[in-house]
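*Asks:*
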Amino acid sequence: MSTDDDSEERLPRHREAVIPPAKLRDYLLSTSHPDGRSKALFFARLGYSPKRWRDLDGGLRRLIARNRARAHSLTPYGQKYLVRGTIRGPWGRSARIVTIWIVTSPGNPPRFVTAYPASRTLTFKLLDSVVLRKDLPRVGLKKDDLGTIVELYEPDGVEVEFLTVTGKTKAVVTLTNRDLRPIGDDDLHAVRRLRRRR
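Numbering (the working numbering), first residue to last: 1377 to 1574.
1) Using a Cβ-Cβ distance under 8 angstroms, would Ala-1393 count as near chain B?
2) Who pairs with Gly-1543 in a beta bridge, going by DSSP?
3) Helix, strand or coil: how does DSSP classify Pro-1397 here?
4) Just to confirm my understanding: we take Tyr-1453, look at its own chain, exclude 5 residues before and 5 after, and list those with CB closer than 8 angstroms. What are they?
5) Consult DSSP for Ser-1414 and reduce its assignment to one of helix, strand or coil.
6) Taking all protein chains shown into account, decide if Asp-1504 is buried (16 or more other Cβ within 10 angstroms of its Cβ) or exposed.
7) Rounded to the nearest angstrom, what separates Thr-1475 and Val-1549 at their Cα positions?
8) What residues in its chain sit with their C-beta under 6 angstroms from that of Thr-1462, if we drop five residues either side in the sequence?
9) If we call anything under 8 angstroms between Cβ atoms a contact, is Ala-1547 one with Leu-1517?
10) Looking at the unbroken alpha helix (DSSP H) that takes in Gly-1516, where does it start and where does it end?
11) My guess is that Phe-1488 and Ile-1525 are in contact by the Cβ rule of under 8 angstroms, so how many angstroms apart are they, rounded?
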């Protein structure tokens, strides 16, 4: 019976994996790269940046050491593998990602090809500021309202407090990670008037 500790389930020679720094710094973490920009924004929400590419390097190495590899496709240039897992960024947030590796010939160490989000759902941390993804008319909240995570529940539940600009609590709501998104550089503070109940 195979287990998560079976070495043969891991990427071959994963301890010697080759991860080109430029691929992390100038592609996955570069907001100026025309194709890599969307990935850079995703990784930035976990706390990664071009200056912190070594943190991502370490995260990728831990991921392939802990998760099983799946043979993906055999190409004229070598065998490709997929390794899925959760990566925890410098800010304490986690997200599931898919990584692709290639072994160019038997006996060679694997070479990092790319990585991308397994989903757009992030795992938030306590006291994160978050944006609501949908209207909640029962409690008078609307999509894009800003809240703060005040409690976490396993596996993906959160308690979010929504305040007025004067600090008065409007609602404390139990939600899931899928109901929220992190704040981004394109978000702008705005004010809307609440409807008072009669």
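All C-beta atoms in this analysis are idealised placements derived from N, C-alpha and C, irrespective of residue type, glycine included.
*Replies:* Short version:
1) In the structure shown, chain B cannot be found, because there is only a single protein chain.
2) Residue pairing by DSSP places Gly-1543 in no beta bridge whatsoever.
3) In the structure shown, the three-state DSSP call for Pro-1397 is helix.
4) Correct list, in chain order: Ile-1478 and Thr-1480.
5) DSSP places Ser-1414 in the helix class (H, G or I) of the three-state scheme.
6) Of the residues assessed, Asp-1504 falls on the buried side of the cut-off, its CB having 16 or more other CB atoms within 10 angstroms.
7) Each residue's Cα considered, the two are about 35 angstroms apart.
8) Excluding positions up to five away in sequence, the list reads Ser-1470 and Arg-1472.
9) Taking a C-beta distance under 8 angstroms as the contact criterion, Ala-1547 and Leu-1517 qualify as a contact pair.
10) Here Gly-1516 belongs to no alpha helix (DSSP H), and DSSP marks it neither H nor E.
11) Beta-carbon to beta-carbon, Phe-1488 and Ile-1525 are separated by about 33 angstroms, too far to satisfy the 8 angstroms threshold.
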